[in-house]
Amino acid sequence: MKKCGLLGRKLGHSYSPQIHSMLSDYEYKLYEKEPEELESFLRDSGLDGLNVTIPYKKSVIPFCDELSDIAKSIGSVNTLVRRADGSLFGDNTDAFGFESLLKRSGIDPAGRKALVLGSGGASVTVCAVLKSLGAGEVLTVSRSGEVNYGNLHLHADAELIVNTTPLGMYPNNGEKALDLRDFPACRGVLDVVYNPARTALLLQAEELGIPCAGGLHMLVAQAKRSSEEFAGVSIPDSEIDRIEAVLRAQLQNIVIIGMPGSGKTSVSELLGSRLGRRVVDTDAEIVARAGMSIPEIFEGFGEEHFRALETEVMADVGRQGGLIISTGGGCVTRRENYPLLHQNGTVFWLLRDPGLLPKDGRPISQKSDLKELFLRRKPMYEAFADVRIDNNGSLEATAAAITEALK
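In the working numbering, the protein residues as written are 6 to 412.
Next comes the structure, spelled out in structure tokens:
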């Protein structure tokens with residue numbers, strides 16, 4: 006069996022082993038190496054193929070006996086293949102991956118002024134692809150370059166923005182390099198980061214109605230091309246969409262919102278049992294952290310204190326993946342909770358007749374007219390919801406509707 010893997014300095018959690026396992030049957034492991042280990046590792050590892058990530062996409066070039074035309078012209082290598090004679094061949098499959106992402110997103114760079122955030126190996130690749138596809142002016146933005154974050158106001162006419170930096174990547178969710186409102190001509194935003202599914206930059210693009218896409222498709226597409234070189238076989242492009250769909254299904258959170266007593270906990274537990282997923286109840290998490298019940302929190306500290314605790318919990322669980330998140334009925338009263346839940350999740354709004362909602366143990370419900378409370382919160386639920394689900398019938402029917410919507 007061939008032995009392959011991913012080379013980087015700090016890899017953390019990577020989806021690459023899973024992706025490659027769906028592409029072929031070679032061994033694929035993660036290899037974290039310090040710069041001083043690079044030469045001996047490439048010389049003595051005995052590996053048949055390697056993907057290369059930060060910070061070694063340029064560093065491996067001196068150890069290559071031959072480069073592909075695209076790797077040579079870009080000056081960046083993310084794929085190494087050990088040939089039969091022991092020599093190393095360097096290629097850049099990120100170029101194929103980014104071009105595939107552009108096509109999949111429907112964002113056409115032709116004739117458009119583009120800002121590419123970052124100056125590393127991924128940036129060089131993205132710039133080369135954009136130019137090859139007929140983009141207009143392509144400018145690299147760095148901290149200290151000619152075009153930097155201090156003079157971006159000079160480029161407010163940019164029509165395409167691509168982030169190639171790690172900014173906003175897990176665990177530093179929520180960070181972004183610029184404010185898209187400063188670029189009124191922008192017609193497309195791409196981010197090569199794939200964890201979270203929606204970075205802060207992409208969440209703002211969605212809010213502003215700008216076409217956008219994250220980096221998961223690019224990751225799978227470049228892996229497909231790398232796998233062809235590792236295994237020496239042709240793989241249909243349809244495999245990119247198939248594997249991406251599998252990963253999205255595994256990684257996305259199922260977020261349940263709705264009025265107090267609308268069945269969020271029961272539906273979440275049923276879904277967790279059926280799908281084999283961990284269920285996180287944000288109210289239960291708040292109680293565990295505070296060491297007191299929700300009525301006690303309200304009585305002792307007030308609603309604002311409770312809402313602040315709720316936002317802290319949502320920040321923590323929302324950055325994770327593959328969860329079922331059952332929320333409190335009032336989470337929608339804070340707009341800042343939306344990106345925390347949406348960054349990795351599909352948000353389902355459970356609708357139940359207000360006349361059927363219980364009040365026991367619910368401080369807000371006990372002191373409110375539930376029909377009036379529903380009408381007041383309805384616009385908030387609408388703003389958060391990706392999908393509306395009727396929950397006036399059986400739990401089984403509701404769970405089935407959510408499962409079907411996920412497809």
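Backbone N, C-alpha and C fix where the C-beta goes; we use that ideal spot for every residue, glycine too.
For clarity, every value in this text was computed on a predicted model and none was experimentally measured.
query: Grouping DSSP H, G and I as helix and E and B as strand, with all else coil, what is I291?; result: helix
query: Considering just the uninterrupted stretch of the beta strand (DSSP E) at I330, what are its terminal residues?; result: 329 to 331
query: Would you check if there are 3 or more beta carbon pairs closer than 8 angstroms linking the stretch 111 to 121 to the stretch 160 to 175?; result: yes
query: Considering only residues of the same chain and omitting the five flanking positions on each side of R339, which have a CB-CB separation below 8 angstroms?; result: R312, E315, T316
query: Take D70 as the anchor and find which of N56, D96, I240 has the nearest alpha-carbon.; result: D96
query: Under the rule that 16 or more other beta-carbon atoms within 10 Å means buried, what is D187, buried or exposed?; result: exposed
query: State the Cα-Cα distance for the pair D30 and I407, rounded to the nearest angstrom.; result: 34 angstroms
query: Tell me which same chain residues have a C-beta within less than 6 angstroms of the C-beta of S331, skipping the five on either side of it?; result: I261, K269, T270, S273, D286
query: Could you check which residue in V392, G155, L106, T403 has the C-alpha nearest to that of G193?; result: L106
query: Terminal residues of the continuous beta strand (DSSP E) containing K229?; result: Counting along the chain, K229 falls outside any beta strand (DSSP E), though it belongs to the alpha helix (DSSP H) covering 221 to 236.
query: Restricting to runs no shorter than 3 residues, where is the beta strand (DSSP E) found entirely within the stretch 93 to 177?; result: 93 to 96, 119 to 122, 143 to 146, 165 to 168
query: Should P344 go down as buried or exposed, given a rule of 16 or more other Cβ atoms within 10 Å for buried?; result: buried
query: Indicate whether V57 and L12 have their beta-carbon atoms separated by less than 8 angstroms.; result: yes
query: Which residue wins for smallest C-alpha separation from G54, given the options S232, K136, S239?; result: S232
query: Quick one: any contact between the stretch 344 to 364 and the stretch 192 to 212, if contact means 3 or more CB pairs under 8 angstroms?; result: yes
query: Is it the case that the stretch 349 to 358 contacts the stretch 249 to 267, given that we only count it when at least three CB pairs across the two stretches are under 8 angstroms?; result: yes
query: Could you give the first and the last residue of the continuous beta strand (DSSP E) run that contains L55?; result: 54 to 57
query: Would you report the Cα separation of I248 and M27, rounded to the nearest angstrom?; result: 7 angstroms
query: What does C217 pair with, by DSSP beta-bridge criteria?; result: V194
query: Determine, using beta-carbon pairs with one atom in the stretch 303 to 311 and one in the stretch 232 to 243, whether at least three such pairs fall under 8 angstroms.; result: no
query: Would you kindly work out how many angstroms separate the C-alpha atoms of D288 and A405, rounded to a whole number?; result: 24 angstroms
query: Under the rule that 16 or more other beta-carbon atoms within 10 Å means buried, what is Q255, buried or exposed?; result: exposed
query: Give me the Cα-Cα distance between V131 and K412, rounded to the nearest whole angstrom.; result: 31 angstroms
query: Hey, quick one: how far does the beta strand (DSSP E) through Y33 stretch, first residue to last?; result: 32 to 37
query: What do you get for G10, buried or exposed, if any count of 16 or more other CB atoms within 10 angstroms of its CB means buried?; result: buried
query: Could you tell me which of R88, R148, F68 sits nearest to S45, measuring between CA atoms?; result: F68
query: Quick one: what does DSSP say G326 is sitting in, helix, strand or coil?; result: coil
query: Using 8 angstroms for Cβ pairs, my map puts S81 next to G126. What's the rounded Cβ distance?; result: 4 angstroms
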